[in-house]
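Asker: Taken in order, the sequence shown gives residues 1 to 219; the numbers are from the UniProt record's numbering.
Encoded as structure tokens, here's the structure I'll be asking about.
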Amino acid sequence: MNTETQLLPRKRPGRRYQFEPQSVSATFPLVAERVRELVRRDRADLKEAHVESRAARRALFRRLSQAESAFVPPQSLDEIETRAAGLNDQLAILKETERTLQSLLTVVENARRKVANDPPRSFTTEPSASREELEAEQAEERAVLDAMREQRKAAFLAELMERSQAELRRRKQESDRQVRLKWVRDMEERVEENQSLLASDRKLVASGIYRNHQRPHMP
């Protein structure tokens, strides 16, 4: 046991290294300083390369802190379901927007690739078509515009006719309702007259000499 203990290297307390670096190489201080310089440079480069990432993390942490401070816990199961439905709708809108943007980017990339693959075109100041062809093309465009204008006109007239008919039906229904109300009031007045007038007054009313011109006599 003592022999094994004697064979182990003796530790020197208070020393940073268990060996003497300069005894191995006299250039150790220069190498160590160079290594420290390289480490400091690499750390500075990494810090400079991740400036935006650190700023983004700080901004995200700030937003999360604000959201956490402004968060109001739900008070019921219905409120939880309502919030979940709202979040699902927002996620669906974001997903649909992302897909639309990806589709648009694909279309733009395909168009750019097609333009890049097309042969170069030669431009000239000479017209590519004759005057007759240009006039025929303009006449065709005018015909198309006139047809579209006629279609819009027909649609507008149809809508106007539908609105007019709906207004006429509404007025007719209102007039019929007023006529029915007047008839009901007349019938109620006749019943009241028959119940409140004397026999002689009822005969005069029936003959048409007067109607509601005299104060009804109580029997």
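Ideal Cβ positions, reconstructed from N, Cα and C, are used throughout, including at glycine.
Treat the numbers as computed from the prediction; the structure is a model and nothing was measured.
#1: Specify, as a first and last residue, the run of the alpha helix (DSSP H) that T82 falls within.
#2: Leaving out five residues on either side along the sequence, give the residues of the same chain with a beta carbon under 6 Å from the beta carbon of L64.
#3: Going by DSSP, what residue range makes up the alpha helix (DSSP H) through P29?
#4: Let me know the secondary structure DSSP gives S65 once reduced to three states.
#5: Alpha carbon to alpha carbon, what distance is there between V115 and S53?
#6: What are the start and end residues of each continuous beta strand (DSSP E) run of 3 or more residues lying completely inside the region 138 to 163, in chain order?
#7: State the DSSP-derived secondary structure class of V72, mapped to helix, strand or coil.
#8: Could you give the DSSP three-state label for N212: helix, strand or coil?
#9: Taking just the CA atoms, how far does L181 sit from Q214?
#10: Leaving aside the five residues before and after R80 along the sequence, list all residues of the same chain whose C-beta is less than 7 Å from its C-beta, in chain order.
#11: Looking at the C-beta of V51, does it have a partner C-beta in chain D at a distance below 8 Å?
Answerer: Taking the geometry as given:
#1: As a working mapping, residue 82 is identified with position 82 in the sequence shown. Start and end: 77 to 117.
#2: Locating residue 64 in the sequence shown gives position 64, where the first residue counts as 1. Answer for L64: no residue qualifies.
#3: To locate residue 29, count along the sequence shown from 1; it is residue 29. Note, P29: alpha helix (DSSP H), 28 to 49.
#4: Within the sequence shown, numbered from 1, the residue matching residue 65 stands at position 65. Correct three-state label for S65: helix.
#5: Residue 53 sits at position 53 when you count from the first residue of the sequence shown. Residue 115 sits at position 115 when you count from the first residue of the sequence shown. Their backbone Cα atoms lie some 37 Å apart in a straight line.
#6: none
#7: For the purposes of this step, residue 72 is taken as residue 72 along the sequence shown, with counting starting at 1. Correct three-state label for V72: coil.
#8: Within the sequence shown, residue 212 is the residue found at index 212, counting from 1. Model confidence at N212 stands at a pLDDT of 49, short of 50, so the residue's coordinates are unreliable; what they give is reported in the following sentence. Coil, per DSSP.
#9: Within the sequence shown, numbered from 1, the residue matching residue 214 stands at position 214. Within the sequence shown, numbered from 1, the residue matching residue 181 stands at position 181. At Q214 the pLDDT is 47, less than 50, meaning the model places this residue with poor confidence and gives no usable figure here.
#10: By one-based count along the sequence shown, residue 80 stands at place 80. Per the sequence presented here, residue 80 reads as Ile, with Arg not at that position. Around I80: P74.
#11: Annotation note: the requested chain D is absent from the structure, which comprises a single protein chain.
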